[in-house]
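Undergrad:
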Amino acid sequence: MGGIHVMDHPLLRHKIDYIRRKEVGTKEFREIIEEISMLMCYEATRELKLEDVEIETPICTMQGKELAGRKLAVVPILRAGLGMVEGILHMIPAAKIGHIGLYRDPETLEPVEYYCKLPADCDKREVFVVDPMLATGGSSAAAITMLKEKGVKNIRFLCVIAAPEGVEKMKKEHPDVDIYIGVLDEKLNEHGYIVPGLGDAGDRIFGTK
Ligand code: PRP
Ligand code: URA
Numbered sequence: 001m002g003g004i005h006v007m008d009h010p011l012l013r014h015k016i017d018y019i020r021r022k023e024v025g026t027k028e029f030r031e032i033i034e035e036i037s038m039l040m041c042y043e044a045t046r047e048l049k050l051e052d053v054e055i056e057t058p059i060c061t062m063q064g065k066e067l068a069g070r071k072l073a074v075v076p077i078l079r080a081g082l083g084m085v086e087g088i089l090h091m092i093p094a095a096k097i098g099h100i101g102l103y104r105d106p107e108t109l110e111p112v113e114y115y116c117k118l119p120a121d122c123d124k125r126e127v128f129v130v131d132p133m134l135a136t137g138g139s140s141a142a143a144i145t146m147l148k149e150k151g152v153k154n155i156r157f158l159c160v161i162a163a164p165e166g167v168e169k170m171k172k173e174h175p176d177v178d179i180y181i182g183v184l185d186e187k188l189n190e191h192g193y194i195v196p197g198l199g200d201a202g203d204r205i206f207g208t209k
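Numbering (UniProt numbering), first residue to last: 1 to 209.
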């Protein structure tokens, strides 16, 4: 059964509120999103299973721990999700990477799929879907449906900022998925943007408009 985890951590909160500022430029925004992703990954991997292993230190033999065999994959939702991949790879460098391309139609706010390439054995992996913004929830809910259609069973979703509307949609459509949220914001505006939010995450990461 999934759950909603709002990460109440001062370092994370400081960094997220810093990049909300409109004067923060592309280079700094990108670097700090990477740091935020690293911190979020640390929290989101808290439940990973460990197994016993015998190891020899220079002093003696001991019963140690290592991560149990389950393989991991990271799946960014293009484009903005790409900004979170490097930070996560710093923590779990052996993870495979899949890509799901979705954009939000500016009129209907509905997600439009344009790309999907996943590791061949993704159904056997624990998958971390990443996207900085959970607004209406249309994009993340559609991405997770696509993964489930490919047989993926263990899914976690990481987003930097979420709106209550998106959280509700995810809870309704994917109650089995654990959702890790950096900060839960107030609401959506009439254009489907998160308030106070940080604007368009993709544009801020890639310097487009
Ligand atoms: C943004 C964001 C999410 C989506 C969130 O992507 O990165 O994918 O919107 O909104 P939703 O919860 O209402 O679906 P966008 O469609 O702007 O595409 P981009 O990443 O290519 O900029
Ligand atoms: N997508 C974004 O990038 N920002 C929002 O506030 C909502 C959707």
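No residue lacks a Cβ here, since even glycine has one placed at the ideal position from N, Cα and C.
Could you tell me which whole alpha helix (DSSP H) segments of length 4 or greater appear in the region 140–187?
TA: 164–173
Undergrad: My understanding is that M84 touches V24, with C-beta atoms under 8 Å, so please give their C-beta distance in whole angstroms.
TA: Translated into positions along the sequence shown, residue 84 becomes position 84. Translated into positions along the sequence shown, residue 24 becomes position 24. Contact check for M84 and V24: beta-carbon distance about 17 Å, past the 8 Å limit, so the pair fails to qualify.
Undergrad: Where does K27 fall in DSSP's three states?
TA: Your numbering for residue 27 matches position 27 in the sequence shown. In the structure shown, K27 sits in a helix (DSSP, three-state: H, G or I).
Undergrad: In this structure, does DSSP put R104 in helix, strand or coil?
TA: Position 104 of the sequence shown, counted from the start, is the residue given in the question as residue 104. Of the three classes helix, strand and coil, the one that applies to R104 here is strand, per DSSP.
Undergrad: Just grab the DSSP bridge partners of V75 for me.
TA: Within the sequence shown, residue 75 is the residue found at index 75, counting from 1. Its beta-bridge partners are V129.
Undergrad: May I ask you to report which of helix, strand or coil DSSP gives Y42?
TA: Position 42 of the sequence shown, counting from 1, holds the residue named residue 42. It is helical.
Undergrad: I'd like the span of the beta strand (DSSP E) that includes G64, first residue to last.
TA: By one-based count along the sequence shown, residue 64 stands at place 64. That run of the beta strand (DSSP E) goes T61 to L67.
Undergrad: Is the distance from the Cβ of A73 to the Cβ of P132 below 9 Å?
TA: Position 73 of the sequence shown, counting from 1, holds the residue named residue 73. Position 132 of the sequence shown, counting from 1, holds the residue named residue 132. Cβ distance not < 9 Å, so A73 and P132 don't count as in contact.
Undergrad: Quick test of the definition: if touching needs 3 or more C-beta pairs under 8 Å, does the region 43–54 touch the region 102–115?
TA: no
Undergrad: How is Y114 classed by DSSP in three states: helix, strand or coil?
TA: The residue you call residue 114 lines up with position 114 of the sequence shown. Of the three classes helix, strand and coil, the one that applies to Y114 here is strand, per DSSP.
Undergrad: Examine the ligand PRP and report whether any of its heavy atoms sits within less than 8 Å of the Cβ of L109.
TA: To locate residue 109, count along the sequence shown from 1; it is residue 109. A heavy atom of the ligand PRP is found nearer than 8 Å to the CB of L109.
Undergrad: Is any heavy atom of the ligand PRP found at a distance shorter than 8 Å from the C-beta of T136?
TA: As a first step, residue 136 must be located in the sequence shown, where it is residue number 136. Yes.
Undergrad: Report the partner residues of L11 according to the DSSP bridge assignment.
TA: For this step, residue 11 is matched to residue 11 along the sequence shown. In DSSP, L11 forms no bridge with anything.
Undergrad: Go through its chain and collect everything with a Cβ distance to G207's Cβ below 6 Å, but skip five positions before and after it.
TA: Residue 207 sits at position 207 when you count from the first residue of the sequence shown. Taken in chain order, the residues that qualify are T26.
Undergrad: Buried or exposed: which applies to I59, given that a residue is buried once 16 or more other Cβ atoms fall within 10 Å of its Cβ?
TA: Residue mapping note: residue 59 aligns to position 59 of the sequence shown, counting from 1. That one is exposed.
Undergrad: Can you tell me which residues form a DSSP beta bridge with E56?
TA: Sequence index remark: in the sequence shown, residue 56 carries index 56 (1-based). Partner(s): T61.
Undergrad: Does the ligand PRP have even one heavy atom less than 8 Å from the beta-carbon of G192?
TA: The sequence position of residue 192 within the sequence shown is 192, counting from 1. Yes, the ligand PRP has a heavy atom inside 8 Å of this Cβ.
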